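Sequence order for the protein chains is A and B. The numbering of the first sequence is our numbering, which starts it at 424 and goes up by one. The numbering of the second sequence is our numbering, which starts it at 876 and goes up by one.
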Amino acid sequence: SAVISQKPSRDICQRGTSLTIQCQVDSQVTMMFWYRQQPGQSLTLIATANQGSEATYESGFVIDKFPISRPNLTFSTLTVSNMSPEDSSIYLCSVRDKEKLFFGSGTQLSVL
Amino acid sequence: DAKTTQPPSMDCAEGRAANLPCNHSTISGNEYVYWYRQIHSQGPQYIIHGLKNNETNEMASLIITEDRKSSTLILPHATLRDTAVYYCIVRPPRTSYGKLTFGQGTILTVHP
């Protein structure tokens, strides 16, 4: 099974600033996925990050707000831009291994 | 996508079997049933998945009814560490493995 490391594990940020979350996988994967989990809610897919191409965003999420980088097959970043308190959530990176998804432990973001 | 219905919460005594039901009455013939769980402050963890036949692995058993309209996840000997939110997910075959639609799940509490 894939081992996923996310950094930072948590952060407290001021509104209007940006935070970049890093996701490192211990094996090469074609696609990486970014999810958001708002307080008390279930998970929602933000985007799919493919190496060598633009990320594919789900309805309700835009690149200007959540730019994603995918420089190689083991690494991706998600930036939460111009943050507001509504962005306070857990952000999770995940990868596919055969028919299963593996998740990182998440980044808990609080925006003041 | 087929919608799933799960009870919001369940209790189970430690050492006993935990049987978590899921209704997916609109499931199509080629849609898979997946189960994930999320322990507090962690990312979701894959448990098991199946199409038509019952499945068993080291974590759990999945029983799918003959008409496929419902399924039951069985944790044969629940421990305190099995306390988590359990998600039943139906995945269409042509949907990216990374694009899972998580519902609200069932909060399973295992008590001594």
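C-beta atoms are modelled at their ideal positions from N, C-alpha and C, and glycine is treated no differently. This one's a predicted model, so the numbers in the text were calculated from it and none came from an experiment.
- In the DSSP assignment, A/Tyr480 is bridged to A/Ala470.
- Under the three-state reduction of DSSP, A/Glu509 is assigned to helix.
- With its beta carbon less than 8 Å from one in chain A, B/Leu975 belongs to the interface.
- In its chain, beyond the 5 residues on either side, Gln445 have a beta carbon closer than 6 Å to the beta carbon of A/Lys430.
- The closest CA to that of B/Arg966, considering only B/Tyr907, B/Asn929, B/Asn928 and B/Ser900, is found on B/Tyr907.
- DSSP links B/Tyr911 through a beta bridge to B/Tyr921 and B/Tyr962.
- DSSP places A/Arg493 in the strand class (E or B) of the three-state scheme.
- Judged by beta-carbon spacing, A/Ser512 lies beyond the 8 Å limit of B/Gly918, meaning their Cβ atoms are not closer than that value.
- Here DSSP, grouped into helix, strand and coil, assigns A/Arg459 to strand.
- Here B/Lys944 has Ser900 as same chain residues with Cβ atoms under 6 Å from its own Cβ, once five neighbours each way along the sequence are excluded.
- Note on geometry: alpha-carbon atoms of B/Gly925 and A/Ser476 lie some 32 Å from one another.
- B/Ser946 is classed as buried because its beta carbon has at least 16 other beta carbons within 10 Å across all chains shown.
- In the pairwise beta carbon analysis, the stretch 882–892 of chain B is classified as not touching the stretch 515–535 of chain A: fewer than three pairs are separated by under 8 Å.
- In the DSSP assignment, B/His986 forms a beta bridge with B/Ala888.
- A residue is called buried when at least 16 other Cβ atoms come within 10 angstroms of its Cβ; A/Ala472 meets this threshold and is buried.
- Looking at the backbone, the Cα of A/Met455 and that of B/Gly980 are separated by about 24 Å.
- In this structure, DSSP gives B/Arg956 a helical state, which the three-state scheme calls helix.
- Taking the C-beta atoms as reference points, B/Ala953 is found no nearer than 8 Å to B/Cys897.
- Between the beta-carbon of A/Asp510 and that of A/Val534 there is about 5 Å, and that keeps the pair under the 8 Å contact cut.
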